[in-house]
Every structure is written in structure tokens, then in C-alpha cells.
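>
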Amino acid sequence: MSHDTSTQRIDRREFVAKLISAVPDALIVTGLGSASYDVFAAGDRDKNYYLWGAMGGAAPVGLGLALAQTDKSVVVITGDGEQLMGIGSLGSIGVKQPKNLTIVVLDNGHFGETGMQRSHSSLGTDLVAVAKGFGIADAFSVTSIDACNDIARGIHARQQTTFVQVFIEADEPPRALPPRDGPYIKNRFRAALGLQPF
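Going by the numbering used here, the sequence shown opens with residue 12, and the numbers climb by one from there.
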């Protein structure tokens, strides 16, 4: 679905905050930039794994985590530009089909971190069709904040790999910057899982 003026848009911060509050035990991996800021603005948690500069890395990190922590819900929250950069990871996710993995793409149709140039998703790329083409059958888009409840139920159920494209407003809320210390974030996250630092 390309972006057009008739598509209703969601406030990104409101959506992220509502989703996270509905899945307090989920492990959350963020894409770089605005997705990290949105998740941090919703409240810092030990079970948040912020990726600062690993563009394209959120979905594959989420995949590895979901495969390693099969009894926990794993939610990737990223942007359309970051997901486009790592689009091939959806192929691996489609092959492995971890039932506990949900990919949430906050899609404003722009590359927010490099100057708000239009992204492929506003120029004709249908991310839901791409995800389905990679074998992720439960792939859909949402244009209402009310969809949070259904998404959260799916995350809790852990019954299938899910891909959600969330059409958000193309604005830039004030930045809320999570910790930048990679080893600290990693060790805090590992401790939340009962694992030793390394």
C-alpha cells in the first residue's frame, strides 16, 4: 500500500506507549533513530534492547532473540527506512517462523534520520505484500490506535510470526535519547533474562 493523502495516520508516540504498556513482559528490540526514541519515551525498561546505529539490524536481532528465548514474546519496533535496509531478514524470518516474534514497522513514508526524504514505502513498495512474499502469512497494516489491543493479544498468544505496518504521522517528536553505552544496554538486557554479562 503506497502512502496517499487518504490514509489515516497514527501518532507514533501514543501508539508505541499504548502497545508497550499492553505487553509489559515482552522483550523489545528497537531499530535505530526514531523507533528507539519512541520506545525510550514510553519508559525505559531493562527488557528494551536499543540499536543505535545498526541500520537494518533490528529484525535479524529480533529473530535470533526469538529463537533463543522461545518462552518469551519478542517485539521488534522499527521504522520503514530501517526495515527496508534489512529487507532480506524477512526471508530468514519467513523460513524460521518463530511463533513468538512480532515485527512492528512504524511507517511514515520517510527516512527520518537523514532529512525526511521519501522512502520506498511512499513510492510504491507495499511492505505487507513483501512480508507475505517472504512467507509471513500474518502480515497486515493498521491505521488506528485501537489496533493496539489486537496486536497485543497476538503478542501474548505467541501463536505465529506477525508483521505489522503501522501508518504513522510524518512528524518528528522531540528526541528522547536512550543510553548510548552498548555494553551497558547488552549487560542490562542479559541480566533481565537471568544471564551473566560477558
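Glycine included, every Cβ here is placed at the ideal spot set by N, Cα and C.
Are residue 87 and residue 115 closer than 8 Å when you measure CB to CB?
In this structure, residue 115 lies closer than 8 Å to residue 87 by Cβ.
> Is the Cβ-Cβ distance between residue 117 and residue 20 less than 8 Å?
no
> Thinking residue 178 and residue 150 are a contact (beta carbons under 8 Å), I'd like their distance in whole angstroms, please.
Not really, about 14 Å apart at Cβ, beyond 8 Å.
> Mapping the DSSP letters down to three states, classify residue 32 as helix, strand or coil.
Helix, per DSSP.
> Please state whether DSSP places residue 176 in a helix, a strand or coil.
Three-state result, residue 176: strand.
> Between which two residues does the alpha helix (DSSP H) holding residue 165 run?
Taken as a continuous stretch (DSSP letters only), the alpha helix (DSSP H) holding residue 165 covers 158-168.
> Check residue 98 in the structure and name its three-state DSSP category.
coil
> According to the Cβ coordinates, are residue 109 and residue 77 closer than 8 Å?
yes
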